[in-house]
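Only one structure is covered here, and it is reproduced in the block below.
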Ligand code: UD1
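In this note's numbering, the protein residues as written are 163 to 592.
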């Protein structure tokens with residue numbers, strides 16, 4: 163099984179370029195099958211979740227041409243199956259986007275319920291509420307969501323919880339419904355706006371994405387388009403925290419600084435220098451970084467997907483920080499792993515109380531999920547000595563060329579798959 167071996171203790175220094183946004187790409191790929199014409203998508207991140215999604219699209223009969231590593235052409239005119247069932251697709255939660263896309267286009271969809279996730283229970287009741295409001299009959303049978311409609315008809319929908327997935331899913335189905343749907347208490351994340359822009363470039367009529375009220379006037383059909391995905395806000399934030407935690411100096415390129423404001427603000431609060439450029443952010447870590455408090459919230463609040471990386475940074479700051487996780491209930495699983503590196507963190511309910519320590523020491527740790535895995539890599543980069551991170555398959559789901567990008571910043575990290583390779587790394591690095 164693959165692992166990362168890291169020799170930590172050096173500040174990260176240099177430039178790194180962020181890839182396309184995974185979470186935007188997942189929605190956009192699902193939406194791309196909603197037309198019979200060809201769609202060209204660029205700036206696609208080359209990560210596991212995206213490649214699984216592309217396989218599933220092919221599986222239901224769409225044509226997928228990989229033009230290059232980051233560009234794909236999709237043609238959904240030959241889709242035969244409104245039923246998505248593939249061993250892999252069960253493993254990525256975003257497979258639920260096929261419900262909205264297929265229901266919109268074919269008025270029928272059958273998709274396995276996304277499996278349990280290790281960051282907490284993740285219901286999809288709001289998605290289902292939205293589809294029903296649009297006139298679909300939705301049942302859950304034999305582990306799948308089965309949705310049918312004679313006609314989809316616009317509706318006024320209020321989301322009881324702010325949900326990224328429900329907002330995107332309802333937007334897709336409503337794009338091909340009759341009349342104007344008003345979606346209130348919608349999520350406002352940058353990838354909601356990106357999926358709406360993509361659908362609009364296919365001829366949809368969606369207004370207000372990025373605010374909490376989205377108006378979707380249904381159209382008869384969608385057409386082909388060419389579209390470039392926005393940069394990944396969370397990947398950018400991860401490198402920003404890596405710079406801060408290692409007291410480095412990193413220019414993070416190909417970003418939209420506005421999307422990073424919550425992260426930049428917190429890093430400045432703890433004493434880092436954060437300099438914004440048109441499409442880059444430079445983070446300079448400082449020796450005596452201070453504590454602060456964080457509460458995860460829907461955008462523009464502090465992203466839950468940045469909580470572990472920021473917690474690692476705070477675990478190396480002076481004083482006591484409180485991190486409140488208000489989106490998912492099980493997102494502190496990295497805390498026990500981090501304790502083995504010398505951190506001092508207590509979790510009470512959805513709050514982690516972090517007493518900053520002077521430094522970490524390397525240890526063998528286990529990545530419990532995607533973002534926590536990235537956070538443990540940051541911890542390893544900041545730690546004295548060698549760290550081995552197990553279960554890095556999680557990290558590869560969402561970070562393109564993670565170790566190569568870190569190596570470009572001077573990190574001593576390698577992907578290995580045996581003890582022998584770990585020994586070789588240690589001999590080489592010294
Ligand atoms: C998306 C992101 C994920 C991120 C999360 C929050 C993708 C593929 N994934 O996940 O990386 O961590 O947003 O920013 O884009 N909820 C319900 N009922 C529902 C739907 C959600 O109660 O029908 C609750 C969830 O349990 C959670 C909160 O709403 O507490 C937010 O979840 P949601 O925004 O839907 O997350 P995802 O779209 O699954």
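Even glycine gets a Cβ: it sits at the ideal position worked out from N, Cα and C.
In the structure shown, residue 207 falls within a coil segment according to DSSP collapsed to helix, strand and coil. Under the three-state reduction of DSSP, residue 213 is assigned to helix. Contact check for residue 400 against residue 536 passes: the beta carbons are separated by less than 9 Å. Segment contact: the stretch 391-405 against the stretch 369-380, fewer than three CB-CB distances shorter than 8 Å; contact not assigned. With distances taken between CA atoms, residue 523 lies nearest to 172 out of 165, 164, 163, 172. For residue 497, the uninterrupted alpha helix (DSSP H) run begins and ends at 496-501, by DSSP. Between the alpha carbons of residue 579 and residue 546 lies a gap of roughly 22 Å. If the five residues before and after residue 447 are omitted, its C-beta is found closer than 6 Å to the C-beta atoms of 405, 406, 409, 410, 434, all from its own chain and listed in chain order.
Bounds of any alpha helix (DSSP H) do not take in residue 390; it lies within the beta strand (DSSP E) bounded by 387-390. Taking the Cα positions, residue 507 is about 17 Å away from residue 458. The beta-bridge partner set that DSSP reports for residue 176 consists of 412. For residue 170, no alpha helix (DSSP H) encloses it; the enclosing beta strand (DSSP E) starts and ends at 165-170. DSSP, read as helix, strand or coil, puts residue 327 in helix. Distance from residue 238 to residue 197 at the Cβ level is roughly 6 Å; contact confirmed, criterion being Cβ atoms closer than 8 Å. Counting only runs of 3 or more residues that sit fully inside the stretch 215-270, the beta strand (DSSP E) segments are 225-230, 233-237, in chain order.
Spanning the alpha carbons of residue 557 and residue 375 requires a straight line of approximately 34 Å. Shown here, residue 397 sits in a helix according to DSSP, grouped into three states. Within the model, the alpha-carbon separation for residue 221 versus residue 240 is close to 11 Å. Within the model, the alpha-carbon separation for residue 332 versus residue 299 is close to 14 Å. Pairwise C-beta distances place the stretch 222-236 out of contact with the stretch 285-300, as fewer than three of them are shorter than 8 Å. Around residue 281, the same chain offers 490, 492, 493, 531 as residues with beta carbons nearer than 6 Å, after the five sequence neighbours per side are excluded. Rounded to whole angstroms, the Cβ separation of residue 372 and residue 357 is 11 Å, and the two are not in contact under 8 Å. Residue 309: member of the beta strand (DSSP E) spanning 306-310, first to last residue.
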